[in-house]
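In this note's numbering, the protein residues as written are 482 to 897.
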């Protein structure tokens, strides 16, 4: 098989047959052109080493630079030295250490909920929580662009699923009204606060109003909002002053907090129900001691003056990059999606998957590492290159990367 990405980019075609797709992936992986599963050989924030080349990383979810913060790293090392590399047991059995309990108490106090529960990964958090709270006599009403872990959790719960138009509170209200004549044990509306691919923020106040009118519970996935928004980094719900109106708050320990894991913050009743019913919680080895200690230290930083300074740098860098990319004349985000908020996630929409892959290679060769997203991470036929901003980028970094993006993407955007 003798192909290069330019050949496929000219047609926009990518193999539909699974066997052909596997063959293509293997071929482009062997030539170093595959934009997925890239091996990172070194990290010198905000740069990474890839295939002997230093690249500015515009694909990291460590939005405020805590994954390499010396205090966070030291906390992980100290806990590992004290407790070992892993717990070797589930939370149900021998895997609940004092570090897990202390972190849960810290999160609950920080976010103003009665209790919190820590899971090993963010994906497991959503899947397990939704499966625990819903059954086939329940209704899940989900934003059309909700994260895959939310959609998978709904499927596993066997609840009736209804979708509403992305960030459209009127569509949500209409969807809830259309089910008003059916008696459900529980109705749960599920949204992200900051959408990981679109970079859009949810109109939480209007969503809350719709839930209250219908008597529905609300679950907000703050995976990408925690540490980024709010006076003490408590997310978009904290920044908008609506945390008390959210029944179940999901957060990630692997984005702005910089480590690994996820959590739920909610009432004691909900946490007990999840603790005793979530299969992903019961049947997974608990998060490592190092990850728990690192998260606790990271949260202390997020809530401090240093955390506030890091969030301000992140906002400055995000606004600057969006302004610098304006000449590309591409719909980075629709105004109705973004609303009045800034976002550290900037999606650049391209016309097809192969053009996206070729553009990614050109950017990497020019020293800029962004993340490509194709179906099913984004809707079919709507691939993007996702630019993720961090507080650790200097103004010179932002300006140079914007110049590279503008220069290298002009040809690809001409076809959008």
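Note that beta-carbon positions come from the ideal geometry of N, C-alpha and C, so glycine has one too.
In summary, residue 551 is exposed, with fewer than 16 beta-carbon neighbours lying within 10 Å of its beta-carbon over all protein chains present. Shown here, residue 516 sits in coil according to DSSP, grouped into three states, outside any helix or strand.
Ranked by how close their Cα comes to the Cα of residue 792, the residues 808, 571, 825 have 825 in first place. Taking C-alpha positions only, residue 758 is separated from residue 849 by approximately 44 Å. Residue 523: member of the beta strand (DSSP E) spanning 523-525, first to last residue. Two segments are said to touch when three or more pairs of C-beta atoms, one from each, lie closer than 8 Å; by this definition the segment 707-725 does not touch the segment 558-567.
Nearest Cα to residue 622 within the set 599, 603, 870, 649: 649.
Rounded to the nearest angstrom, the Cβ distance from residue 661 to residue 673 is 25 Å, too far for a contact under 8 Å.
Taken atom to atom, the span from the alpha-carbon of residue 785 to that of residue 778 is near 11 Å. If only uninterrupted beta strand (DSSP E) runs of at least 3 residues are considered, those enclosed by the segment 671-717 are 698-702.
Where residue 635 is concerned, the enclosing alpha helix (DSSP H) starts and stops at 629-638.
The DSSP assignment places 816-819, 834-846 as complete runs of the alpha helix (DSSP H) inside the segment 802-889, in order along the chain (cut-off: 4 residues). Burial is judged here by how many other beta carbons sit within 10 angstroms of a residue's own beta carbon; residue 618 has fewer than 16 and is exposed.
By the neighbour-count criterion, in which 16 or more other beta carbons inside 10 Å mark a residue as buried, residue 583 falls on the exposed side. Bridge pairing for residue 645: 624 [DSSP].
Assignment of residue 545 by DSSP, reduced to helix, strand and coil, places it in the coil class. One thing to note: residue 829 has its Cβ no nearer than 8 Å to the Cβ of residue 803.
In the assembly as shown, residue 798 is a buried residue. Its beta-carbon has 16 or more other beta-carbons within 10 Å. For residue 522 and residue 532, the gap between their C-alpha atoms comes out near 8 Å. Excluding sequence positions up to five before and after residue 677, its CB lies within less than 6 Å of the CB of 705, all in the same chain and listed in chain order. In this structure the segment 628-639 does not lie against the segment 867-880, because fewer than three pairs of beta carbons, one per stretch, are closer than 8 Å. A buried status is given to residue 736, since no fewer than 16 other beta-carbon atoms sit within 10 Å of its beta-carbon. In the structure shown, the three-state DSSP call for residue 601 is coil. DSSP, read as helix, strand or coil, puts residue 764 in coil. According to the DSSP assignment, residue 579 belongs to the alpha helix (DSSP H) that extends over 579-592. By the beta-carbon neighbour count (other beta carbons within 10 angstroms, threshold 16), residue 841 is buried. The beta carbon of residue 612 is closer than 7 Å to those of 634, 637, 638, 759, 760 in its chain, skipping five residues each way along the sequence. Spatial neighbours of residue 578 in its own chain (CB-CB distance under 8 Å, excluding positions within 5 residues in sequence) are listed in chain order as 564, 568, 767, 770, 773.
In this structure, residue 541 sits near residue 869, with a CB-CB distance shorter than 8 Å.
Of all C-beta pairs linking the segment 504-511 to the segment 692-708, fewer than three are shorter than 8 Å, placing the two stretches out of contact. Excluding its 5 nearest sequence neighbours in each direction, residue 516 has C-beta neighbours in its own chain below 6 Å: 838, 841, 853, listed in chain order.
Of the residues assessed, residue 663 falls on the exposed side of the cut-off, its CB having fewer than 16 other CB atoms within 10 angstroms.
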